[in-house]
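In the UniProt record's numbering, the protein residues as written are 1 to 270.
For every residue, glycine included, the Cβ atom is placed at its ideal position computed from N, Cα and C.
Reviewing the structure listed below.
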Amino acid sequence: MGRRYGEDVLAGNWRRRTVIPEVDAETDLVVEDADSGFCGAVVGFESGAVVLEDRHGKRRNFPLRPAAFLLDGRPVTLRRPAPAPVPAARRRTASGSIAVDGVRARVARASRIWVEGVHDAALVERIWGDDLRIEGVVVEPLEGIDDLDAAVREFGPAPHRRLGVLVDHLVPGSKESRIVARVTSPHVLVTGHPYVDVWQAVKPAALGIRAWPVVPPGRPWKEGVCAALGVAEPADMWRHILSRVNTYAEVETPLINAMERLIDFVTEPA
């Protein structure tokens with residue numbers, strides 16, 4: 001009787017339960033179904049069940065029940081892996097370039113980009129401002145190009161001091177083309193777009209109109225546009241135009257091409 005009841009039945013680890021580890025059912029993990037003995041590699045999931053494929057290519061589905069599988073001969077609970085985090089889309093600038101976060105604006109280069117007026121400068125800033133700040137390129141308005149050759153000489157272009165000029169209405173036979181022809185320095189690139197004014201380089205669809213109004217010869221173009229669209233003041237029209245431009249997609253391709261060429265030119269190493 002003493003031997004029968006002599007041991008302390010409360011001694012030991014009788015309260016400890018076996019802990020079944022949980023394992024992610026990653027693709028190609030080889031496990032065995034504890035009930036059927038089917039052994040195979042994880043190839044996917046269907047209707048909440050794991051799909052195993054054996055070495056003969058046979059596939060079977062098994063519910064993800066607790067302790068339902070053997071891994072290296074030991075019971076495990078398979079669980080569906082958490083979905084891989086989706087990488088954040090790379091942010092792009094208004095010009096379409098990949099944005100560089102955490103970079104401070106570069107100290108201004110000696111090189112410059114000139115545009116004809118404040119509206120041109122504002123539009124360039126709206127689209128290419130981030131790129132230009134990183135590159136350290138300053139954009140300056142000229143208030144017209146009638147004295148462009150004299151202004152270029154005063155600027156003194158050089159290999160380390162390049163100059164890019166964006167010109168409106170740069171088409172063969174125009175007054176602008178004749179002015180530009182007088183600039184011959186290899187350290188100056190003059191390019192432009194075919195539109196009468198930089199306003200016209202904004203796509204009509206961005207403004208909700210079918211096309212820019214046709215202005216009769218002899219009438220100031222901006223004045224004619226405002227009259228045709230029922231806008232009292234050019235300043236009001238310009239604010240409306242600029243407010244509808246957020247990326248390069250709202251402006252015409254010739255302007256984009258011209259600006260990209262100028263930026264490449266003035267940032268090229270001496």
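For residue i, three-class secondary structure by DSSP
i      : result
Arg65  : coil
Val190 : strand
Trp114 : strand
Leu29  : coil
Gly164 : strand
Val196 : coil
Glu125 : helix
Arg59  : strand
Ala158 : strand
Leu70  : strand
Val214 : coil
His169 : coil
Tyr5   : The predicted model places Tyr5 with a pLDDT of 46, which falls under 50 and marks its position as unreliable, so this point remains unresolved.
Leu10  : No answer about Leu10 holds up, because its pLDDT of 48 lies below 50 and its placement is not dependable.
Ala270 : coil
Gly224 : helix
Asp130 : helix
Val34  : In the sequence as displayed, the identity of residue 34 is Ala instead of Val. Ala34 falls in the coil class under three-state DSSP.
Ala84  : coil
Enclosing alpha helix (DSSP H) for residue i [first to last residue]
i           : result
Glu260      : Thr253 to Thr267
Phe45       : Looking at the DSSP string, Phe45 is not in any alpha helix (DSSP H); the run it does join, the beta strand (DSSP E), is Cys39 to Glu46.
Arg79       : Careful: Arg79 lies outside any alpha helix (DSSP H), inside the beta strand (DSSP E) at Arg74 to Arg79.
Val152      : Leu148 to Phe155
Ala205      : Pro204 to Leu207
residue 278 : Outside the shown range of the chain (1 to 270) lies residue 278, about which nothing can therefore be said.
residue 276 : The chain is shown only over 1 to 270; residue 276 falls outside these bounds and no answer can be derived.
Ala181      : Lys175 to Ala181
Residues near residue i in its chain [Cβ-Cβ closer than 6 Å; skip 5 each side]
i      : result
Leu207 : Arg244
Thr27  : Val42
Leu142 : Trp114 and Glu116
Pro234 : Lys222 and Cys226
N- and C-terminal bounds of the beta strand (DSSP E) containing residue i
i      : result
Arg239 : No beta strand (DSSP E) holds Arg239; the alpha helix (DSSP H) holding it covers Pro234 to Ser243.
Val23  : Glu22 to Asp24
Glu140 : Val138 to Pro141
Cut-off 7 Å between Cβ atoms - residues of its own chain near residue i, not counting five sequence neighbours on either side
i      : result
Glu251 : The question names Glu, but residue 251 is Val in the sequence shown. Closer than 7 Å at Cβ, skipping near neighbours: Ile127, Ala201, Val202, Lys203 and Val245.
Leu71  : Val23 and Val31
Ala25  : Val42, Val50, Leu78, Arg79, Arg80 and Pro81
Val152 : Leu163, Val183, Ser185 and Val188
Gly6   : Low confidence applies here, because Gly6 scores a pLDDT of 48, under 50, leaving its location unreliable; read the following figure in that light. Once the five neighbours on either side are set aside, Gly6 has no close Cβ partner at all.
Arg210 : Pro204
Ala258 : Leu166, Thr191, Gly192 and His193
Among the options, nearest to residue i - alpha-carbon criterion
i      : options                           : result
Leu189 : Ala249, Ile263 and Tyr195         : Ile263
Arg109 : Pro157, Val23 and Asp24           : Pro157
Leu132 : Val118, Ser111 and His119         : Ser111
Glu140 : Val118, Ala232, Pro234 and Gly73  : Val118
Pro194 : Pro172, Val215, Ile209 and Arg210 : Pro172
Gly44  : Trp221, Arg80, Asn257 and Arg210  : Arg80
Val196 : Pro254, Asp236, Gly230 and Pro85  : Pro254
Trp212 : Met237, Gly218, Gly192 and Asp54  : Met237
Ala249 : Ala205, Pro85, Val231 and Ala228  : Ala205
His56  : Gly218, Pro75, Leu229 and Cys39   : Cys39
Gly37  : Val19, Ile20 and Gly73            : Gly73
Ala67  : Asp54, Thr18, Gly230 and Arg239   : Thr18
Contact set for residue i: own chain, Cβ-Cβ below 8 Å, skip 5 residues either direction
i      : result
Asp120 : Pro141, Leu166, Asp168 and Val198
Proximity test, Cβ basis, 8 Å: residue i and chain B
i      : result
Gly208 : Of the chains in the structure shown, none is chain B; there is only one protein chain.
Three or more C-beta pairs under 8 Å: does that hold for the region 175-184 against the region 144-160?
The region 175-184 vs the region 144-160: in contact.
Any contact of the region 44-52 with the region 61-74, i.e. 3+ C-beta pairs under 8 Å?
Under the 8 Å Cβ criterion, the region 44-52 counts as touching the region 61-74, having at least three qualifying pairs.
Counting pairs of beta carbons, one from the region 136-143 and one from the region 183-192, are three or more of them closer than 8 Å?
No, because fewer than three Cβ pairs between the region 136-143 and the region 183-192 fall closer than 8 Å, the two stretches do not touch.
Could you say if the region 253-270 and the region 155-173 meet the contact criterion of at least three C-beta pairs nearer than 8 Å?
With the cut-off at 8 Å, the region 253-270 and the region 155-173 touch.
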